[in-house]
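Accompanying notes for the structure given below.
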Amino acid sequence: MAADAQAISRHVSAAGLQIVPVGVGSAYSAPGEAQSCYLVSAAGRSVAIDLGSGTMNLLQRRIAPEDLDAVVITHLHPDHCVDLMSLRVYMVWGPGAGTVLPVHGPPGLRDRLAAFSGSEGWDTAFAFSDLEAGGGEVDLGDGVVLRHREVPHLPPTHAVRVEHGGRSICFSADCAPNEDLPDLARGCDLLVCESSFGAEPVPDGLPHLNARDAGEIAARAGAGRLLLVHCSPEFDRDAALDAARSAFGGPVAWARQGEAVAA
Ligand SMILES: [Zn+2]
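Using the working numbering, you'd call the opening residue of the sequence shown number 46 and step up by one each time.
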């Protein structure tokens, strides 16, 4: 395990492509884990991918939210987007006032947030764009590009890949096993992959992955390294690491909140 942890870590430089797992938890999280949020940055550009419960406060350890170039929401489940509600308050009445933040997400995101919060006026803080059906890309500037691809989960859900300077990081979002994720992740330096059920079988009909699935996807994609995330708290994480490692054959580790990993 120690050898894998060493193989996962690369020198993190300010300008190079890196990911900070801000929150790594799932729909209900282990004590101390926030839900889904990944801060990806390169060349002075930063994008927050997902903003689940508990991540708005942790994100501020890394960046003032108004300095983000974009927020990308992979799908409408609350563990991936609910903290947009506190971010909105910050952006309208707090230190972010006066800045409009681009938010790329599934169609219906704004209506969902307005319905739950009971407030209108979401366009004061955010400039919403729908992620294109099937897939597409978002140019973040300075050579940083985010590609997204629809994967099977709550329709529509998009896995994402961020590229800069020949390096790449891919995030699975939540999904059932599929052909699109390994295709999107092809040759990436780092695959960050959900493993909701650890080493246990995924119950029939639930569109999620376990650690063996994550390892198989990393192997099929030819990913350089694999970081596991989004595991329900009751599952054995060491057993999950073993399952992922045997399916992948490359370096595997659990993502740790707040610990940057270079591409
Ligand atoms: Zn989730």
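Glycine included, C-beta positions come from ideal geometry on N, C-alpha and C.
- Rounded to the nearest whole angstrom, the CA to CA distance from Trp138 to Thr169 is 10 Å.
- In the displayed model, Glu245 falls within coil according to three-state DSSP, outside both helix and strand.
- Taking Cys276 as reference, the option from Ala263, Glu239 and Ala292 with the minimal CA-CA separation is Glu239.
- The set of residues with any CB-heavy atom separation to ligand 1 below 6 Å comprises, in chain order, Ser71, Ala72, Ser81, His122, Asp124, His125, Asp219 and His275.
- Secondary structure within the region 172-211: the beta strand (DSSP E) runs of 3 or more consecutive residues, fully enclosed, are 180-186, 189-196 and 202-209 (chain order).
- Taking every protein chain shown into account, the CB of His193 has 16 or more other CB atoms within 10 angstroms, so this residue is buried.
- Where Cys126 is concerned, the enclosing alpha helix (DSSP H) starts and stops at Pro123 to Cys126.
- For Phe161, the three-state secondary structure derived from DSSP is helix.
- Straight-line spacing of the CA atoms in Leu104 and Pro296 works out to 27 Å.
- Just measuring C-alpha positions, the residue of Arg301, Ala263, Gly303 and Ala305 sitting nearest Ala289 is Ala263.
- Residue state for Phe280 is assigned as coil, using DSSP reduced to three classes.
- Tyr73 sits in coil when the DSSP states are folded into three classes, being neither helix nor strand.
- According to the DSSP assignment, Trp138 belongs to no beta strand (DSSP E) but to the alpha helix (DSSP H) extending over Leu129 to Trp138.
- Nearest to Gly210 by alpha-carbon distance, out of Ala308, Arg107 and Ile64, is Ala308.
- Counting along the chain, no beta strand (DSSP E) covers Pro110, and no H or E run does either.
- According to the DSSP assignment, Arg265 belongs to the alpha helix (DSSP H) that extends over Ala256 to Ala266.
- A distance of 8 Å or more separates the beta carbons of Leu273 and Ala284.
- Excluding the 5 residues flanking it on each side, Pro201 has same chain C-beta neighbours closer than 6 Å at Pro151 and Glu195, in chain order.
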